[in-house]
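Heads up: the sequence lines are chains A, B, C and D, in that order. At position 276 of the first sequence (counting the first as 1) the number is 548 in this note's numbering, and the numbers step up by one without a gap. At position 46 of the second sequence (counting the first as 1) the number is 318 in this note's numbering, and the numbers step up by one without a gap. At position 257 of the third sequence (counting the first as 1) the number is 529 in this note's numbering, and the numbers step up by one without a gap. At position 65 of the fourth sequence (counting the first as 1) the number is 337 in this note's numbering, and the numbers step up by one without a gap. Note that beta-carbon positions come from the ideal geometry of N, C-alpha and C, so glycine has one too.
4 protein chains.
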Amino acid sequence: MKKLRIGMLGTGFMARTHSNAYRRVNNFFNLAYEPELTAVCARNPATLKAFADQWGYASTETDWRKLVERDDIDVIDICLPNNLHAPVACAAAAAGKMVFTEKPLARETGEATAMCEAVEKAGVANMVWYNYRRVPAVTLAKQLVDEGRLGRIFHYRANFLQDWTISPDCPQGGNGTWRLDVATAGSGVTGDLLAHCIDTAIWINGPITAVTAMTETFIKERKNLDTGTVEKVGIDDACAFLARFKNGSLAIFESTRYARGHKALYTFEINGENASIAWDLHDLHRLQYFDHDDNSLIRGWHNIHVTDGDQPYMDKWWVPGLQIGYEHSFVHQAADAFEALAKGENPTPSFRDALETTKVCDAVLKSAATGQWVNL
Amino acid sequence: MKKLRIGMLGTGFMARTHSNAYRRVNNFFNLAYEPELTAVCARNPATLKAFADQWGYASTETDWRKLVERDDIDVIDICLPNNLHAPVACAAAAAGKMVFTEKPLARETGEATAMCEAVEKAGVANMVWYNYRRVPAVTLAKQLVDEGRLGRIFHYRANFLQDWTISPDCPQGGNGTWRLDVATAGSGVTGDLLAHCIDTAIWINGPITAVTAMTETFIKERKNLDTGTVEKVGIDDACAFLARFKNGSLAIFESTRYARGHKALYTFEINGENASIAWDLHDLHRLQYFDHDDNSLIRGWHNIHVTDGDQPYMDKWWVPGLQIGYEHSFVHQAADAFEALAKGENPTPSFRDALETTKVCDAVLKSAATGQWVNL
Amino acid sequence: MKKLRIGMLGTGFMARTHSNAYRRVNNFFNLAYEPELTAVCARNPATLKAFADQWGYASTETDWRKLVERDDIDVIDICLPNNLHAPVACAAAAAGKMVFTEKPLARETGEATAMCEAVEKAGVANMVWYNYRRVPAVTLAKQLVDEGRLGRIFHYRANFLQDWTISPDCPQGGNGTWRLDVATAGSGVTGDLLAHCIDTAIWINGPITAVTAMTETFIKERKNLDTGTVEKVGIDDACAFLARFKNGSLAIFESTRYARGHKALYTFEINGENASIAWDLHDLHRLQYFDHDDNSLIRGWHNIHVTDGDQPYMDKWWVPGLQIGYEHSFVHQAADAFEALAKGENPTPSFRDALETTKVCDAVLKSAATGQWVNL
Amino acid sequence: MKKLRIGMLGTGFMARTHSNAYRRVNNFFNLAYEPELTAVCARNPATLKAFADQWGYASTETDWRKLVERDDIDVIDICLPNNLHAPVACAAAAAGKMVFTEKPLARETGEATAMCEAVEKAGVANMVWYNYRRVPAVTLAKQLVDEGRLGRIFHYRANFLQDWTISPDCPQGGNGTWRLDVATAGSGVTGDLLAHCIDTAIWINGPITAVTAMTETFIKERKNLDTGTVEKVGIDDACAFLARFKNGSLAIFESTRYARGHKALYTFEINGENASIAWDLHDLHRLQYFDHDDNSLIRGWHNIHVTDGDQPYMDKWWVPGLQIGYEHSFVHQAADAFEALAKGENPTPSFRDALETTKVCDAVLKSAATGQWVNL
């Protein structure tokens with residue numbers, strides 16, 4: 273088994289999900305590669321040490337430039353705030369490292385394009401962790417659409433609803449709250465949550481050709497923990513947009529962090545001529561499927577418990593009826609990435625794939641600012 | 273259209289559901305018969321007058337013996353406490369009237385047998401209002417089983433859960449509370465609620481051959497509103513039993529009025545070799561259906577919204593997607609009864625059909641008293 | 273009890289729901305008025321006769337102008353295609369009749385405004401049958417919002433999804449298919465389905481101030497049964513729009529007749545600072561409610577079975593746990609209308625109330641045509 | 273951190289779940305102990321080697337007696353067929369090892385008692401992997417009951433439904449099919465599935481005092497892959513029983529492997545005077561909770577998504593809304609076990625705790641054989 277020496281950047285939530293994926297993937301998948309937790313990098317020494325101990329990283333760094341230059345690293349995995357994706361990825365590519373990064377690829381299209389060019393010029397493998405593609409029920413949805421079971425697609429609708437920023441006391445900036453800071457994050461729910469919806473939508477339903485959007489910032493000022501002052505909020509708290517796909521279908525997308533009662537409700541539904549599919553993240557192990565070809569007496573939405581061995585990835589886990597969870601989507605993506613590398617292919621979604629999502633996000637924000645439809 | 277002159281006994285809850293059925297059935301079904309609300313009978317003159325006005329009964333009586341003897345009545349419909357079913361039905365039969373009665377047929381097998389003999393000797397049409405047979409989803413369940421879709425049946429389970437008698441302040445006897453008075457009702461949940469479960473089960477799955485049961489009375493004493501005194505409670509507050517069917521399947525049944533959170537949750541599920549069916553009264557317009565023959569990728573319980581025109585009774589109502597409710601089961605039973613009469617057949621379930629349910633109830637109560645299996 | 277002599281126009285689906293409401297309302301509600309089915313009017317004599325017999329109308333007319341002029345009619349109830357709402361309503365008002373009409377009020381704002389002016393000039397009671405306001409769970413939603421339980425509202429989303437026109441063989445025009453004929457209907461899903469969503473939204477959440485929309489006609493040509501020729505389809509098969517409310521909340525609305533698997537799925541959800549509410553028509557007797565004030569350990573969406581006596585209208589029907597259906601919303605609206613009349617008030621929603629919905633529909637269609645936001 | 277050297281017995285399904293727990297627990301929990309995968313033992317060398325490689329066991333054994341005697345092992349973890357639990361556990365205890373075993377403790381009470389005596393005499397830590405206690409929603413259910421939120425308990429009902437043995441071609445004996453072989457397994461669904469239900473029930477609701485049961489073997493003969501012959505089936509394919517608890521509540525329990533449509537549907541519901549709780553394994557991250565103290569207008573079952581940081585174990589995983597799966601229950605049990613050891617306490621459930629479940633299983637099977645109630 274070939275070792276793949278990982279250089280992890282960051283010690284936050286996503287660094288945990290990726291580290292977990294690396295630690296588990298070979299217990300469940302038979303692969304040509306085995307990741308090795310070679311080094312982890314962060315600025316805060318105490319946090320860094322604790323994280324390295326918890327996950328078994330062999331060494332630490334406090335300067336990402338050093339990590340990127342180390343000879344004993346094969347893959348740079350970026351779990352940093354969005355503003356750092358571009359500089360780190362470009363430097364890592366220049367240093368000949370494979371680059372994996374958390375989504376979104378970058379804060380906006382300019383940065384994202386530069387990243388694509390950097391990895392392509394360097395000829396290094398590159399991947400963005402749009403993990404929801406690898407939830408078995410979502411992968412199954414893609415498979416059912418690709419098999420033509422839905423026929424012509426008429427409608428796509430997706431939303432991503434949360435409720436964790438409703439309190440005006442929720443700070444922006446400082447202490448891990450960079451997602452509310454527009455300079456760091458690039459945008460609010462659009463880049464953080466809608467990016468997931470858009471990535472899945474393009475993957476399953478093809479290119480988006482036009483959008484019209486609206487955004488809103490419900491809480492206008494928040495305290496910045498870094499500066500200690502109350503500052504204007506620059507991010508979009510909520511965003512909704514209408515879209516048209518190249519295949520002629522219509523779509524609505526919505527995301528907010530002000531939907532009381534929804535912790536992390538990512539949902540999508542696709543309506544085709546013959547069949548429809550629906551999924552949501554709160555019960556991610558289930559897929560809803562309606563088939564008009566069913567005998568009319570017993571026609572109804574199939575509530576599919578996606579835990580059978582012939583359903584995507586599920587032969588690797590337990591037995592029918594026993595569900596897996598959120599973190600497994602990262603294990604699957606790691607497994608698929610290593611299989612791609614073993615075949616000499618680039619993992620998916622690549623930077624170039626993810627660039628399309630960033631372009632849609634930018635079009636959405638532009639439409640919201642101008643009140644006009646924006647073509648892609 | 274032939275008139276069918278109804279003599280209604282009682283002005284309580286069930287008298288309302290039956291009266292409503294008579295008032296509505298010809299608006300939705302094309303029938304040879306049309307019921308006419310000729311007379312209603314109750315002891316309390318004020319209540320009686322109000323009821324007659326509300327429902328448009330042409331006349332009233334305060335003595336059921338008089339009603340039974342009237343020449344201008346075709347059908348005696350008994351919506352009285354259980355202890356009066358036998359005397360009224362036998363007198364009505366003797367007077368040559370058709371007899372419809374609310375379930376259960378009687379307090380116990382002796383009374384019920386006498387009633388069967390009375391109507392059969394008199395040669396009059398007879399029917400018991402086990403209305404749940406005519407909920408479209410339940411009728412559809414029966415149809416799917418009869419078509420052989422389930423194959424060999426392995427399991428049947430049913431329960432009827434309520435929570436309205438949990439308070440010790442709930443009285444027994446007096447003011448419409450006869451259901452808690454054992455002398456009047458005959459039993460508690462067994463005759464009131466399990467009777468429904470048993471009727472459906474026999475109808476769909478065939479005869480029950482043996483039972484073992486337990487009962488419990490959680491609140492031992494309650495105030496009797498008639499006598500004003502606190503008296504020992506004689507009914508079963510809860511009853512559960514195991515059963516074997518003639519077709520080799522196993523069953524569990526349970527009923528209680530102490531299941532907090534369930535207002536009137538009648539549920540049943542049937543597991544066959546090829547398919548399974550589940551239904552519950554709280555969403556009575558839906559049927560759950562699992563078919564093992566579905567392609568394994570998209571296999572899951574079908575959540576059937578039973579509102580299509582090819583599903584039982586639904587061509588008579590609105591359009592697909594628009595649900596009907598509880599009361600419609602009585603309209604359907606009235607329609608079916610009138611259709612049977614038009615063909616010269618007896619409506620179903622007949623007294624003789626309903627006698628089987630009473631026998632099972634008696635066996636259940638006997639088993640609970642003795643701790644032994646009781647064969648049927 | 274005062275008689276209210278009804279002159280019904282039409283014998284189609286909606287004429288059945290209204291006739292049923294009139295026939296039932298006094299059995300369940302204690303009212304000062306009692307409707308009398310005096311006359312029904314339609315062009316086809318055979319259909320007309322059958323309908324009058326089925327529902328017990330005392331007389332028939334084949335010319336609506338004659339009906340409108342009859343002295344023995346108090347209320348003209350319009351269940352005709354949309355293009356006839358304005359001429360009939362205006363003539364009825366001029367003849368001094370109360371006017372009830374099926375929704376939408378009219379094909380567009382000009383007609384609708386004229387209707388408002390006609391009834392107001394004549395001083396006659398007027399009402400539009402936006403029946404979903406009177407589904408108990410919807411009425412309860414309104415009550416919860418009005419009590420302030422949700423706090424500041426952030427989001428409103430609604431859709432109305434059907435799948436009955438997916439087949440290209442579905443005709444437009446002729447034989448009851450006027451809903452696909454733009455000249456008769458005025459629009460497609462916007463006036464037919466979104467009108468319901470908009471009416472409820474304005475009622476619960478206040479005025480809409482701006483919209484941006486897109487529409488699509490998936491099947492471009494259909495056969496017209498009247499003319500026998502294949503003609504261009506003029507209606508919108510699908511429509512989605514973004515909106516802003518005066519109270520600062522954002523909204524998305526969508527309707528289509530191409531959502532395979534949804535027969536008549538009207539849903540809405542409202543997210544407030546403290547609580548959220550969700551409802552759908554396929555299980556209309558339930559309301560979903562999330563309250564952030566619940567203890568965090570046991571916090572979750574309440575699945576409310578709206579059948580208790582203290583919930584809207586439910587003291588009039590059966591007992592807790594026993595659900596009602598679609599048609600009851602019309603009974604409730606009739607009851608409320610008669611109560612309003614008894615108090616000397618105009619029933620709701622009035623023509624003037626419904627005009628607001630028509631204005632939003634027009635703005636939506638205009639936005640879809642121009643690609644611009646339209647202010648209201 | 274203290275090392276805890278694990279000697280694993282078996283390489284089947286449960287050996288995977290336990291190995292996974294050992295590999296993951298220290299990444300998520302801060303503990304005084306860290307398991308070390310020292311050795312794994314199985315008879316088939318090829319399977320053994322593959323398993324050791326997959327999970328990183330440092331050494332292998334093919335004779336369990338050797339493993340038990342090794343000096344470098346602290347914990348013997350038994351994932352072997354039921355007939356081997358007693359001999360291995362007794363030998364391990366005699367060798368001074370801590371002993372963890374998969375459930376059920378043993379095939380019957382005699383064996384189980386001997387195991388209890390062996391570990392207690394040796395004074396070694398002991399635990400049975402009734403893992404469902406550590407599903408967060410189940411742990412929360414226990415907590416809510418212990419807090420007194422339900423008040424007096426009236427009803428407990430549980431079932432465990434599967435459908436994997438419906439085919440008569442499913443073999444018994446050989447190739448991992450020992451669960452259908454009565455000599456090896458001790459019983460069918462009673463020891464395999466009902467044992468889970470009983471363990472949870474006793475844990476939450478206290479001792480069971482009496483049972484009456486029925487069992488059935490639907491497929492009477494099956495091929496034994498070891499012997500190659502068709503043999504009589506000795507296990508119970510299905511089992512249902514009624515029970516009474518010491519606290520006065522009534523219960524029904526049912527398990528089968530013939531419930532088409534249910535892969536591994538373990539469910540339980542508890543009805544108390546004030547509140548009720550329901551849970552099922554197919555959506556294990558949810559708990560249903562009904563509280564009669566909720567305001568009557570908005571009273572309904574709370575659908576709790578058990579993923580918040582103040583709910584059991586969930587502060588250790590991801591963020592609210594992101595669910596965990598089946599395998600996490602084993603991680604939790606390992607974490608709790610190590611915490612107990614650190615405090616000098618015995619992990620739970622101990623052998624002695626699990627003995628109570630085996631006694632109930634035996635009473636159930638005895639009742640099924642005799643047709644009599646059996647007291648405990």
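With distance defined between alpha-carbon atoms, name the residue in D:A409, D:I549, D:A536, D:A515 nearest to G533 (chain B).
As a working mapping, residue 533 (chain B) is identified with position 261 in the second sequence. The shortest C-alpha separation from G533 (chain B) is found at D:I549.
Residue range of the beta strand (DSSP E) that I491 (chain B) falls in?
Here residue 491 (chain B) is taken as the residue at index 219 of the second sequence, counted from 1. First-last for I491 (chain B): undefined, no H or E at that position.
Across the stretch 465–476 of chain A and the stretch 417–433 of chain A, are there enough close Cβ pairs to call them in contact, namely three or more that are closer than 8 Å?
Taking 8 Å as the limit for Cβ pairs, the verdict is that the stretch 417–433 of chain A does touch the stretch 465–476 of chain A.
Starting from Q583 (chain A), find everything on chain B with Cβ-Cβ shorter than 9 Å and list it in chain order.
The sequence position of residue 583 (chain A) within the first sequence is 311, counting from 1. Ordered by position in chain B, the residues that pass the 9 Å Cβ test against Q583 (chain A) are S568, L569.
Do you know how far the Cα of A635 (chain C) is from the Cα of P592 (chain B)?
Here residue 592 (chain B) refers to the residue found at position 320 of the second sequence. Here residue 635 (chain C) refers to the residue found at position 363 of the third sequence. Near 30 Å, if we compare the C-alpha coordinates of A635 (chain C) and P592 (chain B).
Looking at the strands, I want to know which residues DSSP matches up with D349 (chain A).
By one-based count along the first sequence, residue 349 (chain A) stands at place 77. Looking at the DSSP assignment, D349 (chain A) forms a beta bridge with A:M280, A:F372.
Just checking: is the beta-carbon of R295 (chain B) within a distance shorter than 8 Å of some beta-carbon in chain C?
Along the second sequence, one-based indexing puts residue 295 (chain B) at 23. True, the Cβ-Cβ gap to chain C drops below 8 Å.
Taking only the alpha-carbon atoms, compute the straight-line gap between E380 (chain D) and A640 (chain D) and give it to the nearest angstrom.
In the fourth sequence, residue 380 (chain D) corresponds to position 108, counting from 1. In the fourth sequence, residue 640 (chain D) corresponds to position 368, counting from 1. Using only the alpha carbons, I get a separation of about 15 Å.
When the Cα of R342 (chain C) is compared with those of C:L352, C:C351, C:S331, which residue comes out closest?
Position 70 of the third sequence, counting from 1, holds the residue named residue 342 (chain C). If we check each option's Cα against that of R342 (chain C), C:S331 comes out closest.
Hey, how far is the Cα of D565 (chain B) from the Cα of E628 (chain D)?
The residue labelled residue 565 (chain B) in the question sits at position 293 within the second sequence. The residue labelled residue 628 (chain D) in the question sits at position 356 within the fourth sequence. Cα to Cα, the separation comes out at about 41 Å.
Taking C-alpha atoms, which residue in D:W590, D:E599, D:Y585, D:D587 lies nearest to W590 (chain A)?
Here residue 590 (chain A) is taken as the residue at index 318 of the first sequence, counted from 1. With distances taken between Cα atoms, W590 (chain A) lies closest to D:E599.
Just list the residues that DSSP pairs A274 (chain B) with in beta bridges.
Here residue 274 (chain B) refers to the residue found at position 2 of the second sequence. What sits at residue 274 (chain B) in the sequence shown is Lys, not Ala. Paired residue(s): B:Y305.
Check whether the Cβ of L422 (chain A) lies closer than 8 Å to any Cβ atom in chain B.
Counting from 1 along the first sequence, the entry for residue 422 (chain A) is found at position 150. No, no contact with chain B.
What does DSSP give as the partner residues of D563 (chain D) in its beta bridges?
Here residue 563 (chain D) refers to the residue found at position 291 when the fourth sequence is read from its first residue. Answer is D:A547.
With distances taken Cα to Cα, identify the nearest neighbour of F525 (chain D) among D:R277, D:V461, D:T501, D:W336.
The sequence position of residue 525 (chain D) within the fourth sequence is 253, counting from 1. If we check each option's Cα against that of F525 (chain D), D:V461 comes out closest.
Examine chain B for any beta-carbon lying closer than 8 Å to the beta-carbon of R558 (chain D), and answer yes or no.
Position 286 of the fourth sequence, counted from the start, is the residue given in the question as residue 558 (chain D). It does not: the Cβ of R558 (chain D) has no partner Cβ on chain B nearer than 8 Å.
Does H468 (chain B) have its Cβ less than 8 Å from a Cβ in chain D?
Start at 1 with the first residue of the second sequence, and residue 468 (chain B) comes out as number 196. Chain D, which has no Cβ nearer than 8 Å to the Cβ of H468 (chain B), makes this no.
Could you please give the first and the last residue of the uninterrupted beta strand (DSSP E) stretch that includes H557 (chain C)?
Translated into positions along the third sequence, residue 557 (chain C) becomes position 285. Neither: H557 (chain C) is in no beta strand (DSSP E) and is coded neither H nor E.
Take the Cβ of K369 (chain B) as the centre, count every other Cβ of all protein chains shown within 10 Å, and call the residue buried at 16 or more, exposed below.
Indexing the second sequence from 1 puts residue 369 (chain B) at position 97. The residue in question, K369 (chain B), is buried, as its Cβ has 16 or more Cβ neighbours within 10 Å.
Please classify V297 (chain A): is it buried, with 16 or more other beta-carbons within 10 angstroms of its beta-carbon, or exposed?
On the first sequence, residue 297 (chain A) is found 25 positions in, with the first residue counted as 1. Buried: at least 16 other Cβ atoms inside 10 Å.
In chain A, what lies closer than 9 Å to I576 (chain B) by C-beta?
Here residue 576 (chain B) corresponds to residue number 304 of the second sequence, with the count starting at 1. By Cβ distance, chain A contributes L569, I570, R571, G572, W573.
Mind checking if L303 (chain D) is an interface residue toward chain C, Cβ cutoff 8 Å exclusive?
In the fourth sequence, the residue the question calls residue 303 (chain D) occupies position 31. No, because no Cβ of chain C sits closer than 8 Å to the Cβ of L303 (chain D).
Nearest to A311 (chain D) by alpha carbon, out of D:F300, D:T283, D:T289?
Taking the fourth sequence and counting its residues from 1, the one referred to as residue 311 (chain D) is at position 39. Ranking the options by Cα distance to A311 (chain D), first place goes to D:T283.
Taking CB distances under 8 Å as the criterion, tell me whether V591 (chain A) reaches chain E.
Among the chains of the structure shown, chain E does not appear; the protein chains present are A, B, C and D.
In three-state terms, what does DSSP make of A367 (chain D)?
Taking the first residue of the fourth sequence as 1, we reach residue 367 (chain D) at position 95. In this structure, A367 (chain D) counts as coil in the three-state DSSP scheme.
Taking Cβ-Cβ distances below 8 Å as the criterion, which residues of the stretch 466–493 of chain A are in contact with chain C?
The residues in question are T484, A485, M486, E488, F490.
Using the three-state DSSP reduction, which class does T431 (chain D) fall into: helix, strand or coil?
Here residue 431 (chain D) is taken as the residue at index 159 of the fourth sequence, counted from 1. A quick correction: the sequence has Asn, not Thr, at residue 431 (chain D). Of the three classes helix, strand and coil, the one that applies to N431 (chain D) here is strand, per DSSP.
With a cut-off of 8 Å, does the C-beta of D552 (chain C) fall near any C-beta of chain D?
For the purposes of this step, residue 552 (chain C) is taken as residue 280 along the third sequence, with counting starting at 1. Chain D, which has no Cβ nearer than 8 Å to the Cβ of D552 (chain C), makes this no.
Count the other CB atoms within 10 Å of the CB of R337 (chain D); is the residue buried (16 or more) or exposed (fewer)?
Within the fourth sequence, residue 337 (chain D) is the residue found at index 65, counting from 1. Result: exposed.
Would a check of beta-carbon distances place L412 (chain D) closer than 8 Å to chain C?
The sequence position of residue 412 (chain D) within the fourth sequence is 140, counting from 1. At least one chain C Cβ lies under 8 Å of L412 (chain D).
Taking only the alpha-carbon atoms, compute the straight-line gap between E545 (chain A) and A510 (chain B) and give it to the nearest angstrom.
For the purposes of this step, residue 545 (chain A) is identified with residue 273 of the first sequence, where counting begins at 1. For the purposes of this step, residue 510 (chain B) is identified with residue 238 of the second sequence, where counting begins at 1. About 50 Å.
Short of 8 Å Cβ to Cβ, which residues in the stretch 421–441 of chain D face chain A?
Here the close residues are Q434, W436.
Report back the beta-carbon spacing between L352 (chain B) and T630 (chain B) to the nearest angstrom; my notes put them in contact at under 8 Å.
Within the second sequence, the letter at position 80 stands for residue 352 (chain B). Within the second sequence, the letter at position 358 stands for residue 630 (chain B). About 17 Å separates the two Cβ atoms, so there is no contact after all.
Between the Cα of L276 (chain A) and the Cα atoms of A:A606, A:A626, A:N647, A:G643, which residue gives the shortest distance?
Indexing the first sequence from 1 puts residue 276 (chain A) at position 4. Checked all of A:A606, A:A626, A:N647, A:G643; the closest Cα to L276 (chain A) is A:A606.
The alpha helix (DSSP H) spanning A457 (chain C) covers which residue range?
Residue mapping note: residue 457 (chain C) aligns to position 185 of the third sequence, counting from 1. Segment 454–457, the alpha helix (DSSP H) holding A457 (chain C).
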